[in-house]
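According to this note's numbering, the sequence shown holds residues 83 to 397 in order.
Glycine is no exception: its CB is placed at the ideal position from the N, C-alpha and C atoms.
Given the structure is predicted, the values throughout are model-derived calculations rather than measurements.
First up is the structure itself, then whatever we jot down about it.
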Amino acid sequence: MAALIASSLVVPSGPAHAAPSGTESGSAVTFALIGDTPYGDDQQAALPSLIGAVNADPDVRFVLHAGDVKSGSTTCDDARFATLATLFGTFDDPFVLTPGDNEWTDCHRTAAGGYVPTERLEAVRRVFYPVAGRTLGGHPMGVRTQARDPRHRDYRENVLFTRGRVVFATVHVVGSENDLAPWSQLPGGDRPQERLAEFEARKAAALDWIDSAFAVAGRTNAPGVLLMMQAEPMDTPGFADIRARIVDRSRAYGKPVLLVHGDEHVYEVEPEYAGVSNLTRLETYGDTAAHWLRVTADPRSAAVFSWQPQTVTAS
Numbered sequence: 083m084a085a086l087i088a089s090s091l092v093v094p095s096g097p098a099h100a101a102p103s104g105t106e107s108g109s110a111v112t113f114a115l116i117g118d119t120p121y122g123d124d125q126q127a128a129l130p131s132l133i134g135a136v137n138a139d140p141d142v143r144f145v146l147h148a149g150d151v152k153s154g155s156t157t158c159d160d161a162r163f164a165t166l167a168t169l170f171g172t173f174d175d176p177f178v179l180t181p182g183d184n185e186w187t188d189c190h191r192t193a194a195g196g197y198v199p200t201e202r203l204e205a206v207r208r209v210f211y212p213v214a215g216r217t218l219g220g221h222p223m224g225v226r227t228q229a230r231d232p233r234h235r236d237y238r239e240n241v242l243f244t245r246g247r248v249v250f251a252t253v254h255v256v257g258s259e260n261d262l263a264p265w266s267q268l269p270g271g272d273r274p275q276e277r278l279a280e281f282e283a284r285k286a287a288a289l290d291w292i293d294s295a296f297a298v299a300g301r302t303n304a305p306g307v308l309l310m311m312q313a314e315p316m317d318t319p320g321f322a323d324i325r326a327r328i329v330d331r332s333r334a335y336g337k338p339v340l341l342v343h344g345d346e347h348v349y350e351v352e353p354e355y356a357g358v359s360n361l362t363r364l365e366t367y368g369d370t371a372a373h374w375l376r377v378t379a380d381p382r383s384a385a386v387f388s389w390q391p392q393t394v395t396a397s
């Protein structure tokens, strides 16, 4: 595995461009990318140092979190969610989160509290998306939300915005086979009918939202598209349709597409993902509060996207 990661790793060189505050200008924009954090009490205690490092970067304009705001073995109670939302609110810049499996899908686990996952999903939406169309963070920003679509009014977590003419979209796609994995530790056993209904409805919303992102990009002649989801869309039953849609839309679009995700806790880059020359997969660091990615989207660059790993120095 290590050899495979090393051979596929591509770290763009050269400094990132500073990002002005305009939302639709053709200038570069820089942002922070994190995911799968904080895991456990130690990382939660260390997260303020990471937040401080991001806040101290004058060029960062917003923060993307690729899901899993807690580990799968910690409780999914409201108090933990509230504490984490408050902590994320200390980022100075807008904070954009896509949900992970640890905060709802896997909450059936005994160690996580034995919750019904769909009930915890509603809690996630209440706490981390209190106002549809508005991010968290010290200076929140307005975003387009899928909740405006009557067909998908529950999916306030799927958002879209444009910076530097580049289209950014979050798509709710999670680990545990995208919720096809049974809720096996739930008191009383799995609830397959409820679980599969949730999966089908969220998949339909995800497919439509991917279409929306590329439609906006085509309509505005955007130089690039970034899609962020928690889990890599593998060619398996939980992800196959979503993967195929991303592949088809990216190939037809023809310009740089960056597919950002977490879940596997390994910083990894895969150009020409799924055989598409303009599609790159970027997995962010996970299970750490000591590393983050400083990403720049520059519409004047042929590649559009570049990034540099960052390490938080101990205070």
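Next on the checklist: On the criterion of 16 or more Cβ atoms from any shown chain inside 10 Å, does Asp124 qualify as buried, or is it exposed?
Outcome noted: Start at 1 with the first residue of the sequence shown, and residue 124 comes out as number 42. Its Cβ having fewer than 16 others within 10 Å, Asp124 is exposed.
Checklist entry - With a CB to CB cut of under 6 Å and the five nearest residues on each side skipped, what residues in its chain are close to Val249? => result For the purposes of this step, residue 249 is taken as residue 167 along the sequence shown, with counting starting at 1. The answer, listed in chain order, is Ala295, Val298, Ala299, Ala304 and Val307.
Next on the checklist: Taking its Cβ as the centre, do 16 or more other Cβ atoms sit within 10 Å of Ala322, making it buried, or is it exposed?
Outcome noted: One-based indexing of the sequence shown puts residue 322 at position 240. Under this definition Ala322 is an exposed residue.
Checklist entry - Given that a residue counts as buried once 16 or more other Cβ atoms are within 10 Å of its Cβ, and exposed if not, what is Gly220? => result On the sequence shown, position 138 is the one that residue 220 refers to. So Gly220 counts as exposed.
Item to check | Segment limits, beta strand (DSSP E) that includes Leu146 | outcome: Stepping through the sequence shown from its first residue, residue 146 is reached at position 64. Element bounds for Leu146: Val142 to His147.
Checklist entry - Do you know how far the Cα of Asp345 is from the Cα of Met310? => result What you label residue 310 is simply residue 228 of the sequence shown in a count that begins at 1. What you label residue 345 is simply residue 263 of the sequence shown in a count that begins at 1. About 12 Å.
Item to check | Exposure of Asp261, with buried meaning 16 or more beta-carbon neighbours within 10 Å | outcome: Residue numbering aside, residue 261 sits at position 179 when the sequence shown is read from its first letter. Buried is the call here.
Next on the checklist: Below 8 Å, how does it come out for the stretch 371-391 and the stretch 129-141: are there three or more Cβ pairs, yes or no?
Outcome noted: Yes, since at least three Cβ pairs between the stretch 371-391 and the stretch 129-141 fall closer than 8 Å, the two stretches touch.
Checklist entry - Touching or not, the stretch 276-292 and the stretch 230-249, by the rule of three or more beta carbon pairs under 8 Å? => result Taking 8 Å as the limit for Cβ pairs, the verdict is that the stretch 230-249 does touch the stretch 276-292.
Item to check | Same chain only: Cβ atoms within 6 Å of Phe210, ignoring 5 sequence neighbours per side | outcome: As a position in the sequence shown, residue 210 is number 128, starting the count at 1. Contacts found: Ala167 and Leu179.
Next on the checklist: Using a 10 Å radius around the Cβ and a threshold of 16 neighbouring Cβ atoms, would you call Gln275 buried or exposed?
Outcome noted: What you label residue 275 is simply residue 193 of the sequence shown in a count that begins at 1. Exposed: under 16 other Cβ atoms inside 10 Å.
Checklist entry - Using the rule of at least 16 other Cβ atoms within 10 Å of the residue's Cβ for burial, across every protein chain shown, is Arg235 buried or exposed? => result Taking the sequence shown and counting its residues from 1, one reaches residue 235 at position 153. Its Cβ having fewer than 16 others within 10 Å, Arg235 is exposed.
Item to check | Secondary structure of His373, DSSP reduced to three states | outcome: Start at 1 with the first residue of the sequence shown, and residue 373 comes out as number 291. Looking at His373 - three-state DSSP - the assignment turns out to be strand.
Checklist entry - With respect to the alpha helix (DSSP H) encompassing Asp297, which residues constitute its N-terminal and C-terminal limits? => result For this step, residue 297 is matched to residue 215 along the sequence shown. Before going further, note that residue 297 is Ala rather than Asp in the sequence given. Unbroken alpha helix (DSSP H) run through Ala297: Pro274 to Thr302.
Checklist entry - Using the C-alpha atoms, what's the distance from Thr252 back to Asp28? => result Nothing in the structure corresponds to residue 28, since the chain is present only between 83 and 397.
Checklist entry - If you follow the beta strand (DSSP E) that Pro232 is part of, which residue opens it and which one closes it? => result Against the sequence shown, residue 232 aligns to sequence position 150. Premise fails: Pro232 is in no beta strand (DSSP E) and is neither H nor E.
Checklist entry - Smallest Cα separation from Glu354: which of Val329, His343 and Gly108? => result Position 272 of the sequence shown, counted from the first residue, corresponds to residue 354. The residue with the shortest Cα to Cα distance from Glu354 is Val329.
Next on the checklist: Assuming Pro130 is part of the alpha helix (DSSP H), what are its boundary residues?
Outcome noted: As a working mapping, residue 130 is identified with position 48 in the sequence shown. Unbroken alpha helix (DSSP H) run through Pro130: Gly122 to Ala138.
Checklist entry - If you draw a straight line from the alpha carbon of Asp188 to that of Ser258, how long is it in whole angstroms? => result What you label residue 188 is simply residue 106 of the sequence shown in a count that begins at 1. What you label residue 258 is simply residue 176 of the sequence shown in a count that begins at 1. Taking the straight line from one Cα to the other gives about 8 Å.
Checklist entry - If you count every other CB in all the chains shown that lies within 10 Å of the CB of Gly224, and 16 or more means buried, which is it? => result On the sequence shown, position 142 is the one that residue 224 refers to. Exposed, since its Cβ has fewer than 16 Cβ neighbours within 10 Å.
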